[in-house]
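Here the numbering used here is used: the first residue of the sequence shown is 3, the next is one more, and so on. Using N, Cα and C, we set each Cβ at its ideal position, and we do this for glycine too.
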Amino acid sequence: WRDWSSDVCSSDLDTVTFAGTLTGTGGVNVASGILMLTGAFSNGGTNSISSGAVLQVGDATTNGTLGSVTNSGTLKFRNNGTAQAYAGSIGGAGAVIFDAGTVVLTGSLSSNGAATTTVSSLATLQVGNGTASTSFASNVADNGTVDFWLNSTPLTYAGTLSGSGSVKLTSGSIVFTGGNSYAGVTTIASGATLQLGNNGTTGSIAGNVANDGSLIINRGPLVTSTASFNGNISGAGSLTLNGTGIVTFTG
Numbered sequence: 003w004r005d006w007s008s009d010v011c012s013s014d015l016d017t018v019t020f021a022g023t024l025t026g027t028g029g030v031n032v033a034s035g036i037l038m039l040t041g042a043f044s045n046g047g048t049n050s051i052s053s054g055a056v057l058q059v060g061d062a063t064t065n066g067t068l069g070s071v072t073n074s075g076t077l078k079f080r081n082n083g084t085a086q087a088y089a090g091s092i093g094g095a096g097a098v099i100f101d102a103g104t105v106v107l108t109g110s111l112s113s114n115g116a117a118t119t120t121v122s123s124l125a126t127l128q129v130g131n132g133t134a135s136t137s138f139a140s141n142v143a144d145n146g147t148v149d150f151w152l153n154s155t156p157l158t159y160a161g162t163l164s165g166s167g168s169v170k171l172t173s174g175s176i177v178f179t180g181g182n183s184y185a186g187v188t189t190i191a192s193g194a195t196l197q198l199g200n201n202g203t204t205g206s207i208a209g210n211v212a213n214d215g216s217l218i219i220n221r222g223p224l225v226t227s228t229a230s231f232n233g234n235i236s237g238a239g240s241l242t243l244n245g246t247g248i249v250t251f252t253g
């Protein structure tokens, strides 16, 4: 167990860069300050970030490598322009920030606190790679791009996507059961499916849709279950209304 605590980072303003490779079965705790990881944490144990501490993976010139982490502070991903794959698991109540570049999440992200996952304007969070089983369960402030590359197993997303950014469905099928308010365009690629709702009273998006795949709106279970769709829908894809609810199109 390696404790990056006050003997290395004596205050919240201290920054330490680790460019080497760490192996073994133990874990690493970032207890205070800022740890810049431009090397590789290839250790087998679970790493942790304490409240008030920051672990930044990568910088403008070098990508870092990180395994699983329990985050009670801030975890930030920043890369050099080359897409960075992350196959570990992220849990805990801390903030997760995708600051710049593209991160491909093939592991799991299940932030469970009040802190929101943030995708900055220069960043892309790619959820899945089309083949891996990916778990994604965090509210997201999306000011960049969230791109779902899912496999043949449908994903139900009960969180909320907000912000000024856009959402893409590149492959697979996803069901939104939360109320999503992001302002950018939703793009559904050929062969991909976005379902809004699951025979309930929730599941929505706010903006326009460029649909070359399949858009399904499933409201219910009563005819009194109503929903409004205010955006414009374009593209060569299909639109299906399921359930007994009423959907009003105002776009």
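- Taking the Cα positions, A208 is about 24 Å away from L111.
- Residue pairing by DSSP places D149 opposite Q128 and K170 in a beta bridge.
- If you compare the alpha carbons of F178, S168, T203 and G193 with that of V187, the shortest gap goes to S168.
- In this structure, DSSP gives V177 an extended state, which the three-state scheme calls strand.
- Around the beta carbon of G75, a 10 Å sphere encloses 16 or more other beta carbons of the protein chains shown; the residue is thus reported as buried.
- If you draw a straight line from the Cα of S166 to the Cα of G199, it is about 22 Å long.
- In the structure shown, Y184 adopts coil according to DSSP, grouped into three states.
- Note on geometry: alpha-carbon atoms of S53 and I36 lie some 12 Å from one another.
- Distance between F79 and L127, taken at the CA atoms: about 10 Å.
- With distances taken between CA atoms, G174 lies nearest to F150 out of I51, G181, S183 and F150.
- If one requires a minimum length of 3 residues, the beta strand (DSSP E) runs lying completely within the region 218-250 are 228-231 and 240-244, in chain order.
- The beta-carbon distance between V211 and I248, rounded to whole angstroms, is 19 Å. This is too long to meet the 8 Å contact definition.
- R221 and G253 have their C-alpha atoms roughly 18 Å apart.
- Its Cα nearest to that of F178, the residue G202 stands out among A191, G202 and G237.
- Each of N73, V30, T136 and G146 was checked against the Cα of T104, and the nearest Cα belongs to G146.
- One thing to note: N81 has its Cβ within 8 Å of the Cβ of G60.
- Shown here for D16: same chain residues with a beta carbon closer than 6 Å to its own, the five before and five after excluded, namely G35 in chain order.
- G202: member of the beta strand (DSSP E) spanning T195 to G202, first to last residue.
- Counting along the chain, no beta strand (DSSP E) covers T252, and no H or E run does either.
- In this structure, the beta-carbon distance from G41 to G26 does not fall below 8 Å.
- If you compare the alpha carbons of S216, L57, T72 and Y159 with that of G180, the shortest gap goes to Y159.
- Just so you know, the alpha carbons of S206 and V225 end up roughly 17 Å apart.
- If you ignore the 5 residues before and after A89, its C-beta comes within less than 6 Å of the C-beta of T108 and G109, all in its own chain and listed in chain order.
- Per DSSP, the beta bridge partners of T158 are V177.
- A distance below 8 Å between beta-carbons, with the five flanking residues on each side excluded, links S227 to the following residues of its chain, in chain order: G202, T203, R221, G245, T246, G247 and I248.
- Bridge pairing for A134: absent [DSSP].
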